[in-house]
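What follows is a single structure, written as structure tokens, with notes after it.
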Amino acid sequence: MDNRLSKRVNEMATSATLAMAAKTRELKEQGIDIIGLSLGEPDFPVPEFIKDAAIQAIKDNYHSYTPVDGYGDLKKAIITKFKRDNNLEYKPSQIVVSTGAKQSLANLTMVLLDEGDEVLLPAPYWVSYADQCKVAGGIPKEIPTSIETDFKVTAEALEEAITPKTKMIIYSSPCNPSGSVYSKKELRKLADVLVKYPDIIVISDEIYEHINFSGGHASMAEFDDMYDRTVVVNGVSKAFSMTGWRIGYIGGPEWIARACNKMQGQVTSGANAIAQRATITALENPPSKIQFMVDAFKERRKLILGLLSEIEGFQTNEPEGAFYVFPDVSYFFGKTLRGKNINTASDFSLYLLEEAKVATVTGEAFGDPNCIRLSYAASETEIKEAMRRIKEAVA
Numbered sequence: 001m002d003n004r005l006s007k008r009v010n011e012m013a014t015s016a017t018l019a020m021a022a023k024t025r026e027l028k029e030q031g032i033d034i035i036g037l038s039l040g041e042p043d044f045p046v047p048e049f050i051k052d053a054a055i056q057a058i059k060d061n062y063h064s065y066t067p068v069d070g071y072g073d074l075k076k077a078i079i080t081k082f083k084r085d086n087n088l089e090y091k092p093s094q095i096v097v098s099t100g101a102k103q104s105l106a107n108l109t110m111v112l113l114d115e116g117d118e119v120l121l122p123a124p125y126w127v128s129y130a131d132q133c134k135v136a137g138g139i140p141k142e143i144p145t146s147i148e149t150d151f152k153v154t155a156e157a158l159e160e161a162i163t164p165k166t167k168m169i170i171y172s173s174p175c176n177p178s179g180s181v182y183s184k185k186e187l188r189k190l191a192d193v194l195v196k197y198p199d200i201i202v203i204s205d206e207i208y209e210h211i212n213f214s215g216g217h218a219s220m221a222e223f224d225d226m227y228d229r230t231v232v233v234n235g236v237s238k239a240f241s242m243t244g245w246r247i248g249y250i251g252g253p254e255w256i257a258r259a260c261n262k263m264q265g266q267v268t269s270g271a272n273a274i275a276q277r278a279t280i281t282a283l284e285n286p287p288s289k290i291q292f293m294v295d296a297f298k299e300r301r302k303l304i305l306g307l308l309s310e311i312e313g314f315q316t317n318e319p320e321g322a323f324y325v326f327p328d329v330s331y332f333f334g335k336t337l338r339g340k341n342i343n344t345a346s347d348f349s350l351y352l353l354e355e356a357k358v359a360t361v362t363g364e365a366f367g368d369p370n371c372i373r374l375s376y377a378a379s380e381t382e383i384k385e386a387m388r389r390i391k392e393a394v395a
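The numbers in the UniProt record's numbering rise by one with no breaks, and the one at position 67 of the sequence shown is 67.
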């Protein structure tokens, strides 16, 4: 801690996924052969039809400041996408485009939370939810789940966690880090609890929507009695492999969208012009255009689960979406591997980096102290070699 810095930033945790990615890059630059399974980034190139749209935008001289909440024709494309893919009706005034879905989430915590407001986080949850809430003055409150329930929260656990201070719940489906997908029936059970507490706002992070192997995507906003209190967060980074293009967006109640527009206008203003123009093309095309990526991830899921099943001590379930596995590694706690004591998931993740030369992320960063996250957004060759190294390191 540095007393010259604000208490806010001194108390903020560093993103565990980004920290591990930085460590991986640093080791690779030293010539060490590290296999990175820590970062949630598709390894596919951006589809050519999207690149072509970006090149055309440059030729068309899209170089000026953009509207704070996004180009009008991009908002129209987002509205069409919501109707086509999710059966959700929005007006332009309900849409805000941001510099990535992460900024969309940060905007929401800043405009909705006051000091002391509680935010429910079904655990495991994405690493940035908790600290974004803390920066806004909120108090993250975890709702534990387990691998036995496929890391999904139950209606009973949700109701038990609600207090008079509860202002918001944030969840992702498909989930980062577990890959769990809530069915429409499961969401309805959660909604049946939430309708009894009309002041609680729901933030539904659906960034992995199209990387879904369960046969269908459901959103809390589809329910008539939840539509006016649910904000859907999405973007193009995962499904279209556009991570560096930094475009995210929300659809939600107009009063919340107006507030996000106001907040963003004082922080970053509008998102990148060229990336917005390319996103129009991405969203106007049907999801079938990127199905080849989803099919590849499904094959990689099968591969990594099969290989993990051969390693003693890794307890896995079958994730239904995203591109992560989240094995329980508590079997190794209290053991000594190659002279190193393993007492936590962080110890184990660091051990795999040092001994197996495989980068993973500790589950403690996601609110689950028994697990680690492995991304299979990597080639089959890398996955096979990473599992071989891990198996050898824990033998």
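Backbone N, C-alpha and C fix where the C-beta goes; we use that ideal spot for every residue, glycine too.
Would you check if the distance between the CB atom of A57 and the CB atom of I211 is smaller than 7 angstroms?
no
Span separating the alpha-carbon of E159 from that of E148:
20 angstroms
In the structure shown, what three-state DSSP assignment does E142 receive?
In this structure, E142 counts as strand in the three-state DSSP scheme.
Considering only DSSP beta bridges, list what N234 is partnered with.
Y249
Does the beta-carbon distance from L121 to E89 come in below 7 angstroms?
no
By Cβ distance, which residues of its chain are closer than 8 angstroms to L190, with the 5 residues on each side in sequence left out?
Residues V153, A155, L158, Y182 and M220 of the same chain have their beta carbon placed closer than 8 angstroms to that of L190, with the five preceding and five following residues left out of the count.
In whole angstroms, what is the alpha-carbon distance linking T99 and Y71?
13 angstroms
Span of the beta strand (DSSP E) holding I290?
No beta strand (DSSP E) holds I290; DSSP gives it neither H nor E.
Can you have a look at L283 and say buried or exposed, based on whether 16 or more other CB atoms are within 10 angstroms of its CB?
buried
Taking all protein chains shown into account, decide if G235 is buried (16 or more other Cβ within 10 angstroms of its Cβ) or exposed.
Buried.
So, are the CB atoms of L105 and V267 less than 7 angstroms apart?
Not in contact: L105 and V267 (Cβ atoms no closer than 7 angstroms).
7 angstroms Cβ cutoff met for I372 and T381:
no
Does the beta-carbon distance from I311 to K391 come in below 7 angstroms?
It is a contact, given that the beta carbons lie within the stated cut-off.
Among K165, I201, R4 and E254, the one whose alpha carbon lies nearest that of D117
K165
Got a sec, what are the start and stop residues for the beta strand (DSSP E) M168 sits in?
T166 to S172
Rounded separation between D150 and D69 - CA only:
37 angstroms
Host beta strand (DSSP E) of T14 (start-end):
In this chain, T14 is not harboured by any beta strand (DSSP E), its DSSP state being neither H nor E.
Using the beta-carbon count (16 or more within 10 Å), is V97 buried or exposed?
buried
Between the C-alpha atoms of I383 and D60, what's the straight-line distance to the nearest angstrom?
42 angstroms
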